[in-house]
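*Asks:* Residues in the sequence shown are numbered consecutively from 0, following numbering that gives the first Met the number 0.
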Amino acid sequence: MTTRLRESLHGAAGDVPAYPVYEKALATARRSRRRAGLAAAAVLALVGTALPLVDTSPAPTTDGKTDAALPDRIGVPPLGSLHATDRPRLGSASVIFTGQGSGLEYGDEGSLITVVGAHDDRYRIIRGEIEARAGVDTVLSADGRQVAFRAVSSLRSAVEIVDLVTGHSRDVGSGVDGTVMIDPVAWSPDGRALVVRSTVPVDAERTDYRHVLSVVWPGTDRHTRLGEAENEDGLGTAVAFAPDGTRLAFQTGRTVTVGDVDGRRLASFTLAADAELAGKGAWSADAQTLTVARRGIDSWRLGRVDAATGRDLGLVDTPTVTNVTAIRLLGWAVDGSARVVAYVPGPHAPGAFNSPLDVDSRIDYFNVGTVRILALSPGASAPTTLLVAPDDVVSIDVADAVVHGGRTREAHPPGGVGPRFWVWTSFIPLLLAAIVAFRRRKGLALWLDDRRVTRSRG
Numbered sequence: 000m001t002t003r004l005r006e007s008l009h010g011a012a013g014d015v016p017a018y019p020v021y022e023k024a025l026a027t028a029r030r031s032r033r034r035a036g037l038a039a040a041a042v043l044a045l046v047g048t049a050l051p052l053v054d055t056s057p058a059p060t061t062d063g064k065t066d067a068a069l070p071d072r073i074g075v076p077p078l079g080s081l082h083a084t085d086r087p088r089l090g091s092a093s094v095i096f097t098g099q100g101s102g103l104e105y106g107d108e109g110s111l112i113t114v115v116g117a118h119d120d121r122y123r124i125i126r127g128e129i130e131a132r133a134g135v136d137t138v139l140s141a142d143g144r145q146v147a148f149r150a151v152s153s154l155r156s157a158v159e160i161v162d163l164v165t166g167h168s169r170d171v172g173s174g175v176d177g178t179v180m181i182d183p184v185a186w187s188p189d190g191r192a193l194v195v196r197s198t199v200p201v202d203a204e205r206t207d208y209r210h211v212l213s214v215v216w217p218g219t220d221r222h223t224r225l226g227e228a229e230n231e232d233g234l235g236t237a238v239a240f241a242p243d244g245t246r247l248a249f250q251t252g253r254t255v256t257v258g259d260v261d262g263r264r265l266a267s268f269t270l271a272a273d274a275e276l277a278g279k280g281a282w283s284a285d286a287q288t289l290t291v292a293r294r295g296i297d298s299w300r301l302g303r304v305d306a307a308t309g310r311d312l313g314l315v316d317t318p319t320v321t322n323v324t325a326i327r328l329l330g331w332a333v334d335g336s337a338r339v340v341a342y343v344p345g346p347h348a349p350g351a352f353n354s355p356l357d358v359d360s361r362i363d364y365f366n367v368g369t370v371r372i373l374a375l376s377p378g379a380s381a382p383t384t385l386l387v388a389p390d391d392v393v394s395i396d397v398a399d400a401v402v403h404g405g406r407t408r409e410a411h412p413p414g415g416v417g418p419r420f421w422v423w424t425s426f427i428p429l430l431l432a433a434i435v436a437f438r439r440r441k442g443l444a445l446w447l448d449d450r451r452v453t454r455s456r457g
């Protein structure tokens, strides 16, 4: 190699910038740590956002408060309301209600069962079947802890029960072979037994159906058949447990049957043409009489019959309820007043309900515009309105403990949007950001590395 060539090579080598091996190694390590940190942060953010919707918390103890009260008004649940299985748990409820219209339905007209806390205006929702009717086929237990409703599934025939204290749910069958649909209709006073009505095809072609009324004990294999009837007979349109929970009365057509929870029939009698078993609160405190709702031309009154013979004992000294499609007796408060649901006619309802239309049809979604809870006090000249509901809330049920306690409270139903709205509006941007960051991770890391090297050289 000549001297000139050697000098040229040395000059060329001198012009080549030195490779920062140490700095590059540190940058690679930092880049790896940044990737791991970004991934961990994204995972933590997503988990933290979704965690409120996951049922992992231990079941709390039952709320020991005894001041459960009826709200004086209810409202449509906000968009994004928490579900009954979400945390924090609701605890016992005072009221459940259903309806039709914006905010009261989901999907293809599925009913949202709205649950209101026993002591405050915390709302939760449960997804129920189409045209679920609170107090009729969607029922709240006496202590307000459990909600039973027809399971939403085409793959099973069951009643679903949600425990509002634990957030857990379970399915309950009727024990009746061939059942295609089960509706819960009444809870026992202690919340351990549930009366259900099973719908069973009469033949393989399902040309018609029959109904079977049973008592089931959730969590056990015990079930007792109470009776059955043809589809048009209206089996169990009203079911009422006696205060001690050992006997119950139910109406089929014009007949009231009194039996015990073991399936023995104790009495049976026919009601007058203008009378209906009044509702779940029909039994008197001494379990000797049953309350009936008597229909006038455009009014309703409460009357009593002997629980053993059906003998008419006359009208109760409570006010007449007018301008409603029907009334349903929830029970009796400590002050002696009857607490009833009054079904206010909807805009498409008949002008007068003075024909012998059965109660189940009278409280159909199409015929009801809204509901009220009224107090019918002995000797009063007019009912007292305790609770009002928005239009399109067409059915309601109240916990027996709230009815018997007789307390009401000033309510302020929640407005705006619920927690789930904010959860999902936060979750989606975070998810999109995480996806973009993951796809551009290499370019982002190189850009950050180049910036760092440039700064170190400067």
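For every residue, glycine included, the Cβ atom is placed at its ideal position computed from N, Cα and C.
W421: buried (16+ other C-beta within 10 angstroms of its C-beta) or exposed?
*Replies:* Counting from 1 along the sequence shown, the entry for residue 421 is found at position 422. The residue is exposed, with fewer than 16 neighbouring Cβ atoms inside 10 Å.
*Asks:* Whose C-beta lies closer than 8 Å to the C-beta of R406 among residues of the same chain, with five residues either side of it excluded?
*Replies:* Counted from its first residue, the sequence shown places residue 406 at position 407. Counting only Cβ-Cβ distances below 8 Å, and skipping sequence neighbours, we find D66, A67, A68 and L69.
*Asks:* What does a CB cutoff of less than 8 Å around L43 pick up in its chain, not counting 5 residues either side in sequence?
*Replies:* Indexing the sequence shown from 1 puts residue 43 at position 44. Bear in mind that the predicted position of L43 carries a pLDDT of just 48, short of 50, making it unreliable; the figure below should be weighed with that in mind. Excluding sequence neighbours, L43 sits near nothing in its chain.
*Asks:* Going by DSSP in three states, E409 sits in which element: helix, strand or coil?
*Replies:* Taking the first residue of the sequence shown as position 1, residue 409 is located at position 410. Here E409 sits in coil by DSSP.
*Asks:* With the cut-off set at 8 Å, would you say R72 and T97 are in Cβ contact?
*Replies:* Mapped onto the sequence shown, residue 72 falls at position 73. Mapped onto the sequence shown, residue 97 falls at position 98. Their beta carbons are not under 8 Å apart, which means R72 does not touch T97 by this criterion.
*Asks:* What distance in whole Å lies between the Cβ atoms of V392 and L163, which are believed to be in contact at a cut-off of 8 Å?
*Replies:* Taking the first residue of the sequence shown as 1, we reach residue 163 at position 164. Taking the first residue of the sequence shown as 1, we reach residue 392 at position 393. With a Cβ gap of about 20 Å, L163 and V392 do not count as contacting.
*Asks:* Between R88, T254, R310 and T223, which has its C-alpha nearest V260's C-alpha?
*Replies:* Counted from its first residue, the sequence shown places residue 260 at position 261. Among R88, T254, R310 and T223, the Cα nearest to that of V260 belongs to T223.
*Asks:* What does S110 pair with, by DSSP beta-bridge criteria?
*Replies:* Along the sequence shown, one-based indexing puts residue 110 at 111. Answer is E104.
*Asks:* Does the segment 245-253 come within contact of the segment 266-280, defined as at least 3 CB pairs closer than 8 Å?
*Replies:* In short, these stretches touch, since the Cβ pair count reaches three.
*Asks:* With the cut-off set at 8 Å, would you say A306 and L329 are in Cβ contact?
*Replies:* What you label residue 306 is simply residue 307 of the sequence shown in a count that begins at 1. What you label residue 329 is simply residue 330 of the sequence shown in a count that begins at 1. Contact: no.
*Asks:* Grab the span of the alpha helix (DSSP H) containing D399 for me, first residue to last.
*Replies:* The count along the sequence shown starts at 1 and reaches residue 399 at position 400. Segment D399 to G404, the alpha helix (DSSP H) holding D399.
*Asks:* Assess, as a yes-or-no matter, whether the segment 109-122 is touched by the segment 180-198 under the definition of 3 or more beta carbon pairs within less than 8 Å.
*Replies:* At 8 Å Cβ cutoff, the stretches do not touch.
*Asks:* Below 8 Å on the Cβ atoms is my guess for R169 versus I160; work out the distance and round it to an integer in Å.
*Replies:* Here residue 169 refers to the residue found at position 170 of the sequence shown. Here residue 160 refers to the residue found at position 161 of the sequence shown. Their Cβ separation, rounded to whole angstroms, is 6 Å, which keeps R169 and I160 in contact under 8 Å.
*Asks:* My output table needs one value for D71: the three-state DSSP class, helix, strand or coil.
*Replies:* What you label residue 71 is simply residue 72 of the sequence shown in a count that begins at 1. Coil.
*Asks:* Can you find the residues in the same chain that come closer than 6 Å, C-beta to C-beta, to R123, ignoring five residues on each side of it along the sequence?
*Replies:* If you number the sequence shown from 1, residue 123 lands on position 124. Same-chain partners within the cutoff: L81, A83, L89 and V114.
*Asks:* Note down, one range per segment and in chain order, each alpha helix (DSSP H) of at least 4 residues found wholly within the segment 328-404.
*Replies:* Segments of the alpha helix (DSSP H) lying fully in the segment 328-404: 358-361 and 399-404.
*Asks:* Report yes if the C-beta distance between V199 and T178 is below 8 Å; otherwise report no.
*Replies:* By one-based count along the sequence shown, residue 199 stands at place 200. By one-based count along the sequence shown, residue 178 stands at place 179. Yes. Within cutoff.
*Asks:* What's the gap between the Cα of E409 and the Cα of R121?
*Replies:* As a first step, residue 409 is located in the sequence shown; it is residue number 410 there, counting from the start. As a first step, residue 121 is located in the sequence shown; it is residue number 122 there, counting from the start. C-alpha separation (whole angstroms): 13 Å.
*Asks:* Can you name the residues that DSSP bridges to G313?
*Replies:* Along the sequence shown, read from residue 1 onward, the residue named residue 313 stands at position 314. None, per the DSSP bridge assignment.
*Asks:* Looking at the secondary structure, which residues open and close the beta strand (DSSP E) in which S267 lies?
*Replies:* Mapped onto the sequence shown, residue 267 falls at position 268. First-last of the beta strand (DSSP E) with S267: R264 to T269.
*Asks:* Just list the beta strand (DSSP E) runs in the segment 136-175, keeping only unbroken ones of 3 residues or longer that don't cross its boundaries, in chain order.
*Replies:* Taking only runs of at least 3 residues, the beta strand (DSSP E) segments lying wholly in the segment 136-175 are 137-139, 145-149, 158-162 and 168-171.
*Asks:* Verify whether the separation of the beta carbon atoms of A341 and V387 is less than 8 Å.
*Replies:* Sequence index remark: in the sequence shown, residue 341 carries index 342 (1-based). Sequence index remark: in the sequence shown, residue 387 carries index 388 (1-based). Contact: no.
*Asks:* What did DSSP end up calling W216 once you bin it into helix, strand or coil?
*Replies:* Working through the sequence shown from its first residue, we reach residue 216 at position 217. Three-state result, W216: coil.
*Asks:* In this structure, how does DSSP classify Y122 when only helix, strand and coil are distinguished?
*Replies:* By one-based count along the sequence shown, residue 122 stands at place 123. Residue state, collapsed to three classes: strand.
*Asks:* Can you tell me the Cα-Cα spacing of G226 and D357, whole angstroms?
*Replies:* The residue given as residue 226 occupies position 227 in the sequence shown. The residue given as residue 357 occupies position 358 in the sequence shown. Answer to the nearest angstrom: the Cα atoms are 20 Å apart.
*Asks:* Pull the bridge partners of A229 from the DSSP assignment, please.
*Replies:* If you number the sequence shown from 1, residue 229 lands on position 230. Checking the sequence, you will find Glu at residue 229 rather than Ala. Looking at the DSSP assignment, E229 forms a beta bridge with R209.
*Asks:* Whose C-alpha, out of V238, A348, D85 and H118, is nearest the C-alpha of L276?
*Replies:* Working through the sequence shown from its first residue, we reach residue 276 at position 277. Measuring from the Cα of L276, the nearest candidate turns out to be V238.
*Asks:* If A362 sits next to V397, beta carbons under 8 Å apart, how far is it from one beta carbon to the other, in whole angstroms?
*Replies:* As a working note, residue 362 is residue 363 in the sequence shown. As a working note, residue 397 is residue 398 in the sequence shown. In the sequence as displayed, the identity of residue 362 is Ile instead of Ala. In fact, because the Cβ distance is near 15 Å, the residues do not count as touching under 8 Å.
*Asks:* In the DSSP assignment, find the beta strand (DSSP E) that holds G235 and state where it starts and stops.
*Replies:* Position 236 of the sequence shown, counted from the start, is the residue given in the question as residue 235. G235 -> beta strand (DSSP E) spans L234 to F240.
*Asks:* Shortest alpha-carbon distance to S93 belongs to which of R438, N322, G404 and L314?
*Replies:* Your numbering for residue 93 matches position 94 in the sequence shown. When only C-alpha atoms are compared, the closest one is G404.
*Asks:* For G368, which residues of its own chain have a beta-carbon under 8 Å away from its beta-carbon, when the five flanking residues on both sides are left out?
*Replies:* What you label residue 368 is simply residue 369 of the sequence shown in a count that begins at 1. Cβ neighbours of G368 beyond the five flanking positions: V343, P344, G345, P346, A348, D390, D391 and V393.
*Asks:* Let's test the definition: count the other Cβ atoms within 10 Å of the Cβ of Q287 and tell me whether it reaches 16, buried, or not, exposed.
*Replies:* Start at 1 with the first residue of the sequence shown, and residue 287 comes out as number 288. Exposed, since its Cβ has fewer than 16 Cβ neighbours within 10 Å.
*Asks:* How many whole angstroms separate the CB atoms of D136 and P183, which I take to be in contact at a CB cut-off of 8 Å?
*Replies:* Residue 136 sits at position 137 when you count from the first residue of the sequence shown. Residue 183 sits at position 184 when you count from the first residue of the sequence shown. Rounded, the Cβ-Cβ distance is 7 Å, consistent with contact.
*Asks:* Do you know offhand how far R488's Cα is from G127's?
*Replies:* Absent from the structure is residue 488, since the part of the chain shown begins at 0 and ends at 457.
*Asks:* Can a CB atom of chain B be found closer than 8 Å to the CB of G102?
*Replies:* Structure shown: chain B not included; a single protein chain is present.
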